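In the UniProt record's numbering, the protein residues as written are 1 to 81.
The block underneath contains the structure these notes are about, expressed in structure tokens.
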């Protein structure tokens, strides 16, 4: 048992659904120009096609960001630990 007689708290990570969903961006691997963030993948995909047509660049990096939130569910003993 930890010092002071307290049991450790049990923490967990879960997907954060309180805000928007995942954020998608695209980045050209040639010039590093980017689409900017969007709530869906359609805008960045269209940006890639327009950028390819304008520049001839054909390589892109898709970046998807989602979010986690830590929460405390109680002590390890309460959770069966």
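Each residue gets a CB set at the ideal place from its N, CA and C atoms; glycine is no exception.
Since we're looking at a predicted model, the values are computed, not measured.
In this structure, DSSP gives residue 46 a helical state, which the three-state scheme calls helix.
Put simply, the backbone Cα of residue 12 is about 14 Å away from that of residue 67. Here residue 65 is bridged, per DSSP, to 23. Residue pairing by DSSP places residue 72 opposite 11 in a beta bridge. Note that the C-beta distance between residue 21 and residue 27 is not below 8 Å. Ranked by how close their Cα comes to the Cα of residue 37, the residues 59, 64, 50, 51 have 64 in first place.
Taking all protein chains shown into account, residue 8 has fewer than 16 neighbouring C-beta atoms within 10 Å of its C-beta and is therefore exposed.
In this structure, residue 29 sits away from residue 62, with a CB-CB distance that is not shorter than 8 Å.
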